[in-house]
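Numbering (our numbering), first residue to last: 486 to 728. Structure first, commentary second.
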Amino acid sequence: MTHLIPTPALIAPLLATLADVPWPSEDAGAPTALLARCPIAAETPLVDAPELAKMAGIGHLHIKDERARMGLGSFKALGAAYVIACDAQAGEAAGCAYYAASAGNHGLSVAAGAQAFGARAVIYLAQTVPTAFAARLEALGAEVRWRGETYEASIEAAVRDAEMEGAVLLSDSSWPGYFERPWRLMEGYLVLMQEVVAQMPAAPTHVFLQAAGESVQNYQANLNAARRSRPRAVHGYETLVAE
486 MTHLIPTPAL
496 IAPLLATLAD
506 VPWPSEDAGA
516 PTALLARCPI
526 AAETPLVDAP
536 ELAKMAGIGH
546 LHIKDERARM
556 GLGSFKALGA
566 AYVIACDAQA
576 GEAAGCAYYA
586 ASAGNHGLSV
596 AAGAQAFGAR
606 AVIYLAQTVP
616 TAFAARLEAL
626 GAEVRWRGET
636 YEASIEAAVR
646 DAEMEGAVLL
656 SDSSWPGYFE
666 RPWRLMEGYL
676 VLMQEVVAQM
686 PAAPTHVFLQ
696 AAGESVQNYQ
706 ANLNAARRSR
716 PRAVHGYETL
726 VAE
């Protein structure tokens, strides 16, 4: 078996590719303060689940229930809507067009944020996305554009059209040269764990996370807010993501 020794000569080129990648935000103060001014961004409950705790053979189990988050049913309401709120605070959102590809809740957050701050949302969906989801987007005032058979095809269309039509691309994924808005979006998610830390009756020993893509980096950074106990983080992946 060949063992690769990580010498400086090998590491330097790898680090160079990360030079423009911003470090994840760990300051929940900015998003918490801004979202506190939004009447629909109310805190979600941390629910005590004694029966599940009993089944698991543990003392206590608490579940952060995000179903009521901004009326959108997902923690992702904290992401794109927060980015648009930041733009609005800078006087840059009104009349702006935000383009995004979505296979789920990210598009709803873009649509809700645009509606709240006088902007326009254009959401790109692959043909495989249920029409019922498109109807939810349209109910929030978004324009829906069907593009391609896969999510990858829809995001390529969103990137292309945003550039051609002078719109703002608001993706929840990043790539070389596109970091600023995804970074800000992840910062919005800091609010969730800030709430958890404040709501917990005692410091947790373990934190179980649904993890795919942005959830991993964001929640792992968030756990720093609970340093007094340094809880063990357990990440759960879908099979296809894990593969």
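A virtual CB, placed ideally from N, CA and C, is assigned to each residue, including glycine. Note that this is a predicted model, so its numbers are computed, not measured.
_Inter-residue CB distance, Ser594 and Leu610 (contact presumed, cutoff 8 Å)_ = A Cβ-Cβ separation of about 15 Å leaves Ser594 out of contact with Leu610 under the 8 Å criterion.
*asked:* Just to confirm my understanding: we take Leu537, look at its own chain, exclude 5 residues before and 5 after, and list those with CB closer than 6 Å. What are they?
replied: Leu546.
*asked:* I believe Ala582 touches Ala687 by the beta-carbon criterion, under 8 Å. Please report the beta-carbon distance rounded to the nearest angstrom.
replied: Between Ala687 and Ala582 the Cβ distance is about 47 Å, and since that is not below 8 Å, they are no contact.
*Glu650 (DSSP reduced to helix, strand or coil)*: Taken through DSSP and simplified to helix, strand or coil, Glu650 comes out as helix.
_Whole-angstrom distance between Pro498 and Arg621, CA atom to CA atom_ = Answer to the nearest angstrom: the Cα atoms are 46 Å apart.
*Quick one: residues in its chain with C-beta nearer than 7 Å to the C-beta of Pro516, no 5 flanking neighbours on either side, listed in chain order?*
Tyr567, Glu672, Gly673, Leu675, Val676, listed in sequence order.
*asked:* Check whether the stretch 653-663 and the stretch 628-637 are in contact - that is, three or more C-beta pairs closer than 8 Å.
replied: When Cβ pairs closer than 8 Å are counted between the two stretches, the stretch 653-663 is seen not to touch the stretch 628-637, the count staying below three.
*The alpha helix (DSSP H) enclosing Val682, as first and last residue numbers*: Segment 665-684, the alpha helix (DSSP H) holding Val682.
_With the cut-off set at 9 Å, would you say Ser656 and Arg666 are in Cβ contact?_
It is a contact, given that the beta carbons lie within the stated cut-off.
*For the beta strand (DSSP E) holding Asp533, just list the boundary residues, first then last.*
First-last of the beta strand (DSSP E) with Asp533: 531-533.
*Hey, would you say the C-beta of Met678 is under 8 Å away from at least one heavy atom of the ligand GTP?*
Looking for the ligand GTP in the displayed structure turns up nothing, as the structure carries no ligands at all.
*asked:* Going by beta-carbon coordinates alone, are Ala526 and Ala562 separated by less than 9 Å?
replied: Yes, the pair counts as a contact, with Cβ atoms nearer than the cut-off.
*For Tyr583, the residue or residues it bridges with in DSSP*: Per DSSP, the beta-bridge partners of Tyr583 are Ala606, Val653.
*Using CA coordinates, which residue listed in Ala565, Pro507, Gly603, Ala597 is at the minimum distance from Gly576?*
Relative to Gly576, the option among Ala565, Pro507, Gly603, Ala597 whose CA is nearest is Gly603.
*Specify, as a first and last residue, the run of the alpha helix (DSSP H) that His545 falls within.*
Looking at the DSSP string, His545 is not in any alpha helix (DSSP H), and its letter there is neither H nor E.
*Decide if His691 is buried, meaning its Cβ has at least 16 other Cβ atoms within 10 Å, or exposed.*
Exposed: under 16 other Cβ atoms inside 10 Å.
*asked:* Let me confirm a value: Ala624 is counted as buried when at least 16 other C-beta atoms fall within 10 Å, else exposed. Which label applies?
replied: A residue is called buried when at least 16 other Cβ atoms come within 10 angstroms of its Cβ; Ala624 does not meet this threshold and is exposed.
*Would you check if the distance between the CB atom of Val607 and the CB atom of Ala627 is smaller than 9 Å?*
Yes, Cβ-Cβ distance for Val607 and Ala627 is below 9 Å.
*Of the residues Cys571, Thr635, Thr616, the one placed nearest Cys523, counting alpha carbons only*: The residue with the shortest Cα to Cα distance from Cys523 is Cys571.
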